[in-house]
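So the sequence shown is residues 8 to 205, counted in our numbering. Worksheet: one structure, shown below.
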Amino acid sequence: MQLTLLKNPGILNGFGVTFFWQLGYALLYAYIAPFLLNVTSMRERQVSIALFAFGIATLIGSKFGGFMTDRVGIPKSLMSGMVVHVIALVLLSSIAKSTLVTIPLLMLWAFSAWSSGPGLQFNLVALAPEATGIMLSLYGSILQLSIAAAGGIGGIAAGGISIRAVSWIAAISVAIALILAVVSFSRKTSRRVIYESN
């Protein structure tokens, strides 16, 4: 049954979105402490404060993501969250050089990243409502796979290039997820228009 679901291009695309979204998040999150200490020149005590603020933002983002998914629908909620996610990562990579700038950007990143979670899950369930349990199980597997990949890719980038490079690669990964989401939702819209015209 699982292999049959993965043969569906729409479902495969949905898991692709999930993979690259989580990969982008996990890449920087795995190296967040050295990133803050080396790139933004924070002190250890300031890093603790920044991570506390980060945690609060993830909670708010998750709740807001669920609310927006119900309010404006999956496509708008998911894609807007990813756009902000990419912007936050780019800004963290380029202008986060002081604590006063870094903490708000860190919270924006956390908020936007976690706001996409509910939309991703609802989207996958909507693609195969008859196999909700299997889809959510596969969703969890994709998340674990992307986290494992993030550890490897992040290690290579941090060791071979720099800690800052990790955040740029993370931004590129989320941008890929956004592109896949745009393609997926555009195809759905086109099919719906063709169906309605007939």
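Every residue, glycine too, gets a C-beta built ideally from N, C-alpha and C.
Between His92 and Gly162, the gap from beta carbon to beta carbon reaches 9 Å or more. If you look at Val24, you'll find it in the alpha helix (DSSP H) that goes Pro16 to Ala37. Ile94 and Gly167 have their C-alpha atoms roughly 25 Å apart. Taking a C-beta distance under 9 Å as the contact criterion, Ser122 and Gly72 qualify as a contact pair. Residues Gly72, Thr76, Ile81, Ser84, Leu85 and Gly88 of the same chain have their beta carbon placed closer than 7 Å to that of Gly126, with the five preceding and five following residues left out of the count. If you draw a 10 Å sphere on the C-beta of Ile56, you find fewer than 16 other C-beta atoms in it, and that means exposed.
CA-to-CA, the gap between Gln151 and Met49 works out to about 30 Å. Here Pro41 has Ile170 as same chain residues with Cβ atoms under 7 Å from its own Cβ, once five neighbours each way along the sequence are excluded.
For Thr11, the secondary structure class from DSSP, reduced to helix, strand or coil, is helix. For Gly166, the enclosing alpha helix (DSSP H) starts and ends at Thr139 to Gly167. Per DSSP, Ile56 is one residue of the alpha helix (DSSP H) stretching across Glu51 to Val79.
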